[in-house]
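Okay, so here's the structure we're looking at.
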Amino acid sequence: MTGFEQHGGCRGAAPGLSDSNLLPSQVGSSVGPERGRARPPGTMAGSDTAPFLSQADDPDDGPVPGNPGLPGSMGNPKSEEPEVPDQEGLQRITGLSPGHSALIVAVLCYINLLNYMDRFTVAGVLPDIEQFFNIGDSSSGLIQTVFISSYMVLAPVFGYLGDRYNRKYLMCGGIAFWSLVTLGSSFIPGEHFWLLLLTRGLVGVGEASYSTIAPTLIADLFVADQRSRMLSIFYFAIPVGSGLGYIAGSKVKDMAGDWHWALRVTPGLGVVAVLLLFLVVREPPRGAVERHSDSPPLNPTSWWADLRALARNPSFVLSSLGFTAVAFVTGSLALWAPAFLLRSRVVLGETPPCLPGDSCSSSDSLIFGLITCLTGVLGVGLGVEISRRLRHSNPRADPLVCAAGLLGSAPFLFLSLACARGSIVATYIFIFIGETLLSMNWAIVADILLYVVIPTRRSTAEAFQIVLSHLLGDAGSPYLIGLISDRLRRNWPPSFLSEFRALQFSLMLCAFVGALGGAAFLGTAIFIEGDRRRAQLHVQGLLHEAGPTDDQIVVPQRGRSTRVPVASVLI
């Protein structure tokens, strides 16, 4: 039997694992004793029984002769999971003590909390902003859309910089700029609504500088279950910070008697964040905690090579689409839920309507903020714990838990909208259950990205996940919901009931989008094992990236070796 027949022809051949991509020490004897030695031009490797096609099998497909330690080596079992370094090993690799690493995560968590607190302070005082600037629902939705659009456009820039330059100083500069602009936005007069939109757009600079970079720092400090736990702590700050934004916005407005003061809280806390970043955070070596001690260091590739590799990573693409659905739903609820609940109370006769010139008095921003905090902590913790327990028996647990969370949240969010006309208590109960299920995704999605993408392109991956999730998610969803609401109201006689109904029907779009996101995570489960394994092999130095000529193979032609496309060879 020939070597070609031993491999079953080209079945399972993977360009990413061709011999041209293996290290010289690994090429060795994969097809015979002659492999790895210099040969005269025009001769084939080994003897007459040498394989005609010399590409290795896919990492998960079976044996590859003579490559000990590479998955499927002939006579060797598939390689085990990479050895997880202990606390001493991590300290030796990163140069940071366990206590210092945990302190860095605490600082990053504080800034992430502040980030989302600032983002949703505006939503907490949205009815007052509408009254002050005399704007409708579509213009109100545009406030969040402009911010998210700016954030989305700038994320790839900071992703590129974060993969190549000092991440600590990038974050310091971005957060300082964001704090200054946020403070300035609180002094805009009522006749210049366009200036508020401009300043909210500039706030995206600071948030883009932080959101794309911070998770990669955690990935370079911890591995395996330690990383999952630290990411869950980090992502607790998203729902908690969002809830605090509603609470701070409404309570500071009530205490000061002026909604402008709600926008002046986070800039002072931002100055504290910059000082903590500068004094506490240290830059760990990229990807060092995941490499074997004898593995070569990873070097950044070109930006276009990064983009090509990410586009060919189905787990990254599908999980990003699933997260886009999460962003669409959360973005819509974040801006419009308090206003919807206020309109519901007005229709039920529990609250007087918000009239022009009056301050809008409602406890819904406070209650919704508390629910967001509680469901966020419960959902993130529940998602991480369920996933961690299921991983031992099912390697596809992460995307399956995400899918279950999204598919489960859709009907409860629909019920919360449908019940609002009859019972505000039932609405809050269904919102609580729906947001808990929705929050199960936050930390798991981040963990998926970190283990299917190699360290030298993680900031770029974070950036483009942000672009995709915001471009198709919460960049347009608040404006879209407001636009649908305004269009529906045009066809109905003006009344508080028509305002409520229009917003109710437009928000029902969220349940449908959530179900689509669940389907994307089910698709992720199909590819997750192979993509994770390829990333591990690359970090360990056992696999090189496919180059532009890796879709070609070498065949003998007229006494010499000739490189031809695989598609041109008929088996």
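Residue numbers (my numbering): 671 to 1241.
Where a beta carbon is used, it is the ideal one built from N, C-alpha and C, also for glycine.
Close CB contacts of Asp-1068 within its chain, under the 6 Å cut and outside five residues either way in sequence, are with Ser-1057, Ile-1114, Ile-1118 (chain order). When DSSP assignments are scanned along the stretch 754-833, the uninterrupted stretches of alpha helix (DSSP H) that are 4 or more residues long and fall wholly within it turn out to be 757-764, 768-794, 796-803, 807-832. In this model, Val-996 and Asp-928 are separated by some 33 Å (Cα to Cα).
Taken through DSSP and simplified to helix, strand or coil, Ala-1090 comes out as coil. The three-state reading of DSSP puts His-1062 in coil, since its state is none of H, G, I, E or B.
In the DSSP annotation of this structure, the continuous segment of the alpha helix (DSSP H) that includes Asp-976 starts and ends at 973-981.
For the set Trp-1112, Ala-772, Tyr-1121, the Cα lying nearest the Cα of Gly-992 is the one of Trp-1112.
In this structure, Gly-915 and Thr-791 form a Cβ contact; the two beta carbons are roughly 4 Å apart against a cut-off of 8 Å.
The beta carbons of Thr-971 and Arg-1128 sit no closer together than 7 Å. In this structure, DSSP gives Val-893 a state outside helix and strand, which the three-state scheme calls coil. Considered as a whole, the stretch 863-924 harbours no complete run of any beta strand (DSSP E) with no fewer than 3 residues.
Nearest neighbour of Phe-863 by Cα position, chosen from Asp-833, Ser-810, Cys-842, turns out to be Ser-810. Per DSSP, Trp-848 is one residue of the alpha helix (DSSP H) stretching across 837-855. Boundaries of the alpha helix (DSSP H) harbouring Gly-992: 984-1018, taken from the DSSP string. Taking C-beta separations shorter than 8 Å and ignoring five residues to either side along the sequence, the partners of Leu-1173 in its chain run Asp-807, Trp-1006, Ala-1009, Phe-1010, Arg-1013, Ile-1151, Ser-1155, following chain order. Pairing Thr-1000 with Thr-1045 gives a Cβ-Cβ distance that is not under 7 Å.
The C-beta of Leu-949 has fewer than 16 other C-beta atoms within 10 Å across all chains shown, which makes the residue exposed. Annotation for Ala-1181: the continuous alpha helix (DSSP H) segment containing it runs 1179-1209. The Cβ atoms of Val-1050 and Ser-989 lie no closer than 7 Å to each other.
Rounded to whole angstroms, the gap between the alpha carbons of Asn-836 and Gln-1135 is 21 Å. Per the coordinates, the alpha-carbon of Val-827 lies some 50 Å from the alpha-carbon of Gly-1019.
About 5 Å separates the beta carbon of Val-851 from that of Thr-869, a gap short enough to meet the 8 Å contact definition. Here DSSP, grouped into helix, strand and coil, assigns Ala-1080 to helix. For Leu-783 against Ala-907, the beta-carbon gap comes to about 4 Å, under 8 Å, which counts as contact. Taken atom to atom, the span from the alpha-carbon of Cys-1072 to that of Val-1137 is near 20 Å. Using a 10 angstroms sphere on the CB of Phe-1182, the tally of other CB atoms stays under 16, which defines it as exposed. The beta carbon of Leu-865 is closer than 6 Å to those of Ile-858 in its chain, skipping five residues each way along the sequence. Between the alpha carbons of Ser-856 and Pro-937 lies a distance of about 11 Å.
Note on geometry: alpha-carbon atoms of Val-873 and Phe-817 lie some 7 Å from one another. Distances from the alpha-carbon of Ser-849 to those of Ile-903, Arg-789, Phe-904, Pro-797 put Arg-789 closest.
In terms of Cβ geometry, Phe-904 and Gly-860 do not form a close pair [threshold 7 Å].
Annotation: the continuous alpha helix (DSSP H) that includes Leu-1120 extends over 1112-1122. Here the C-alpha atom of Gly-854 lies approximately 46 Å from the C-alpha atom of Gln-1206. Note that the C-beta distance between Ile-845 and Val-944 is below 7 Å.
The beta carbon of Asp-1201 is closer than 8 Å to those of Asn-983, Pro-984, Ser-985, Phe-986, Val-1122 in its chain, skipping five residues each way along the sequence. The shortest C-alpha to C-alpha distance from Gly-911 to any of Val-875, Ser-1033, Leu-1040, Pro-1022 is the one to Leu-1040.
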